[in-house]
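Participant:
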Amino acid sequence: MAILVLEDVSAAYSNSPEILKGLSLSLERGEQIAIIGRNGEGKTTLLKVAAGLLAPTRGKVRHFSSSNPAILLQNPRQQLVCSTVREEIEYTLRLNALDDKTVARVAQDRLQQFDLEHASEQHPLKLSGGQQQKVALAALLCREPELLLLDEPDAYLDGASRREFRSFFSGQVRAATIWIVSRVSELPEGMKAMRLANGVLSSLDVDEK
Amino acid sequence: MTALDSATHVRFDDVSFAYQDDNSVLTHCSAEFAAGVVHYVVGPSGCGKSTLGLLLCGVMSHKSGNVKLPKDASPTMVLQFPENLFLTDSVEEELALLPDAQAEEKALSMLADFDLHFVDIARKSPHRLSFGQRRLFAIALQVSLGSKVIVLDEPSLGLDEVHVHQLANWLGSASKKGTCSIVITHDLDLIAELSGEVHILGHGSFQWHGPSTEFLKNRDMLLLAAAQ
Ligand SMILES: Nc1ncnc2c1ncn2[C@@H]1O[C@H](COP(=O)(O)OP(=O)(O)OP(=O)(O)O)[C@@H](O)[C@H]1O
Ligand SMILES: Nc1ncnc2c1ncn2[C@@H]1O[C@H](COP(=O)(O)OP(=O)(O)O)[C@@H](O)[C@H]1O
Ligand SMILES: [Mg+2]
Ligand SMILES: [Mg+2]
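These protein sequences, in sequence, are chains W and S.
Note that the first sequence covers residues 1 to 209 in this note's numbering.
Note that the second sequence covers residues 1 to 228 in this note's numbering.
See below:
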């Protein structure tokens, strides 16, 4: 059963040439795919269209989930809004209508899981870049969405944190996912991958991997 | 900061720094960055790499110790979140803020090397470039100032293979011409592309430094040792 379908979608910003050009994609429930493309090719634009943040100029975007898609923006600073790291996580948990006690407990677990305990009372925007991305990721995953749209989700993480996050993700996250990267060396292991070029998606050549 | 007379290198002598009194980031940190080679500063998130760059450029001041710069160096830095320095609403206006025609020309030629053509982006707000394009634009702006010492904070983050290659080429030729380039990064593709000197920061000071080839061979062991 599909959770997201893009049908012959085109997209452009005002006064700009078309960026997506009749692109189609169908994502099954629980299916996880990576999309790779060069800088400026339209990867973020594709995610914005899939999230409903940008209306396509042509074609249809259909969602079949009960909750809103969760999008991780490429710059983590754009989605950190609270005044401490703990509040940032607790805030998203409250969106899921959890009671205070559960919120506090789950938040604590998440802080530990992402190695953010020592920074829990700090202002998120005063953290280092890698730590900011971890906070944004931790908060987003607390929403337990059915559809995750991740724009280069671990680009700011150092090697060890990246390995940890990827092993946590492949072990625990079952949501349907689109995971954007800009280089072959960043493709998540074992995930099906497609290439975005010239406004459409194609399968990734075997020798590219 | 004091200037070394004829030397062309940057030196940290026993530098300590804390954001708040109880939150020390660098403690008795010493290092030497000679001009003519590319220096990579690596280490886990939050270990103080960006802080070190900001201290070097005099954006913040250290609590004790010394940062020594070459004479008349006026170091520049490309920030980890480079969009924080854009002041205007178009690429064109941003370029017009550069001090002279020479800098503008240099920025334009660098943009062309990165396949970013002025006619395509001139009227665009720098905030509306794609993530990678924005980073490349910020790099071109800072580099065009022609400073002898330049700090780049994760310059290859989010760049595709071709752009990493172009960036490496540029860094290599700039250091051959005598620029002291200090590159904060965790990008092994970049380090593999262009050899240089790697400095591992951990627990407030440098734990190891050596040639990038040696770093790449033993990186897991070296990084783990520095983190312990
Ligand atoms: N808000 C915007 N307004 C106008 N043009 C935009 C806007 N955002 C992106 N663009 C342009 O649309 C094109 C595609 O941008 P997009 O951000 O989707 O690329 P990307 O593949 O995500 O690139 P990167 O790897 O650099 O993140 C680029 O030419 C970019 O300059
Ligand atoms: N403006 C700030 N105010 C308070 N603490 C900060 C600020 N910027 C960074 N820090 C803290 O200083 C430490 C080092 O940060 P940073 O130099 O950005 O790390 P890196 O660049 O190595 O990832 C981190 O613990 C971070 O939370
Ligand atoms: Mg993008
Ligand atoms: Mg940093």
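Beta carbons: idealized from backbone N, C-alpha and C, even for Gly.
Please tell me whether, using a cut-off of 8 Å, the distance from the CB of N68(W) to the nearest non-hydrogen atom of ligand 2 is below it.
Facilitator: Incorrect: N68(W) has no Cβ contact closer than 8 Å to ligand 2.
Participant: Look at the Cβ atom of F114(S), then the Cβ atom of Q166(S), and state whether they are nearer than 9 Å.
Facilitator: Q166(S) sits close to F114(S), with the two beta carbons spaced by under 9 Å.
Participant: Return the chain-ordered list of same chain residues with a C-beta closer than 7 Å to the C-beta of T51(S), the five sequence neighbours on each side being excluded.
Facilitator: Answer for T51(S): F17, V25, L26, listed in chain order.
Participant: Could you tell me which chain W residues have their CB closer than 8 Å to the CB of V162(S), listed as they occur along the chain?
Facilitator: R38
Participant: Locate the alpha helix (DSSP H) running through N169(S), then write down its first and last residues.
Facilitator: Its alpha helix (DSSP H) spans residues 161 to 176.
Participant: Let me know the alpha helix (DSSP H) ranges lying completely inside the segment 77 to 103 of chain W, each 4 residues or longer, listed in chain order.
Facilitator: Secondary structure within the segment 77 to 103 of chain W: the alpha helix (DSSP H) runs of 4 or more consecutive residues, fully enclosed, are 85 to 95 (chain order).
Participant: For R11(S), would you say it is in contact with chain W, using Cβ-to-Cβ distances shorter than 9 Å as the test?
Facilitator: no
Participant: Quick check on the DSSP output: the alpha helix (DSSP H) that includes D14(S) runs from which residue to which?
Facilitator: Run containing D14(S): none in the alpha helix (DSSP H); it sits in the beta strand (DSSP E), 10 to 18.
Participant: Below 9 Å between beta carbons is the criterion; list the residues of the segment 40 to 58 of chain S that meet it against any residue of chain W, in chain order.
Facilitator: V42, G43, P44, S45, G46, C47, G48, K49, S50, T51
Participant: Quick one, which of P153(W), L125(W), S66(W), E18(W) has its alpha-carbon nearest C82(W)'s?
Facilitator: L125(W)
Participant: Hey, is S24(W)'s beta-carbon within less than 9 Å of any beta-carbon in chain S?
Facilitator: no
Participant: Check whether chain W comes within 9 Å of A122(S), counting only Cβ atoms and requiring the distance to be less than that.
Facilitator: no
Participant: From the beta carbon of D99(W), is the nearest beta carbon of chain S less than 9 Å away?
Facilitator: Not a single C-beta of chain S is nearer than 9 Å to the C-beta of D99(W).
Participant: Specify the secondary structure class of K49(S) as computed by DSSP and reduced to three states.
Facilitator: Three-state DSSP puts K49(S) in a helix.
Participant: Assign L116(W) to buried or exposed, taking buried as 16 or more other Cβ atoms, counted over all protein chains shown, within 10 Å of its Cβ.
Facilitator: When all chains shown are included, L116(W) counts as buried.
Participant: Less than 8 Å separating the Cβ of V25(S) from some heavy atom of ligand 5?
Facilitator: For the structure depicted, ligand 5 is absent and the ligand set comprises only ligand 1, ligand 2, ligand 3 and ligand 4.
Participant: Sorry if obvious, but does the Cβ on E161(S) come closer than 8 Å to a heavy atom of ligand 1?
Facilitator: no
Participant: Mind checking if H203(S) is an interface residue toward chain W, Cβ cutoff 9 Å exclusive?
Facilitator: no
Participant: So is the beta-carbon of T84(W) under 8 Å away from any non-hydrogen atom of ligand 3?
Facilitator: no
Participant: Could you check whether the Cβ of T84(W) sits closer than 9 Å to any Cβ belonging to chain S?
Facilitator: no
Participant: Between which two residues does the alpha helix (DSSP H) carrying R163(W) extend?
Facilitator: 159 to 172
Participant: Given D158(W), which residues of its chain have a CB within under 7 Å of its CB, disregarding the five upstream and five downstream residues?
Facilitator: G130
Participant: Please name the residues in the segment 145 to 163 of chain W whose beta-carbon is closer than 9 Å to at least one beta-carbon of chain S, in chain order.
Facilitator: D151, E152, A155, Y156, L157, D158, G159, A160, S161, R162
Participant: How many whole angstroms separate the CB atoms of S175(S) and G36(S), which I take to be in contact at a CB cut-off of 8 Å?
Facilitator: Beta-carbon to beta-carbon, S175(S) and G36(S) are separated by about 6 Å, close enough to satisfy the 8 Å threshold.
Participant: What do you reckon, is the C-beta of F131(S) under 8 Å from a heavy atom of ligand 3?
Facilitator: yes
Participant: Alpha carbon to alpha carbon, how far is L72(W) from L140(W)? Give it in angstroms, no decimals.
Facilitator: 7 Å
Participant: Are there three or more Cβ pairs, one per stretch, closer than 8 Å when the segment 95 to 113 of chain S is compared with the segment 65 to 82 of chain S?
Facilitator: As far as the Cβ criterion goes, the segment 95 to 113 of chain S does not touch the segment 65 to 82 of chain S, which means the pair count is below three.
Participant: Cβ of D115(W) versus every heavy atom of ligand 2: is any distance shorter than 8 Å?
Facilitator: In this structure, the C-beta of D115(W) stays at least 8 Å away from each heavy atom of ligand 2.
Participant: Nearest by alpha-carbon distance to V91(S): which of Q142(S), F118(S), G210(S), V42(S) is it?
Facilitator: F118(S)
Participant: Run down chain S in chain order and give the residues with a C-beta less than 8 Å from the C-beta of Q74(W).
Facilitator: F131, G158
Participant: Are the C-beta of A193(W) and some C-beta of chain S separated by less than 9 Å?
Facilitator: no
Participant: Please report how far the alpha carbon of D5(S) lies from the alpha carbon of P70(S), in whole angstroms.
Facilitator: Only weak support is given to the placement of D5(S): the predicted model assigns it a pLDDT of 37, under 50, and the question is left unresolved by the model.
Participant: For L129(S), which of helix, strand or coil comes out of DSSP?
Facilitator: Note: L129(S) maps to coil in three-state DSSP.
Participant: Label E186(W) either buried or exposed according to how many other C-beta atoms from any shown protein chain fall within 10 Å of its C-beta, with 16 as the threshold for buried.
Facilitator: buried
Participant: Quick one: is P110(W) near chain S, going by C-beta distance under 9 Å?
Facilitator: The question names Pro, but residue 110(W) in the sequence shown is Arg. Not closer than 9 Å to any Cβ of chain S, the Cβ of R110(W) fails to qualify, so no.
Participant: Do you know offhand how far Q122(W)'s Cα is from L80(W)'s?
Facilitator: 12 Å
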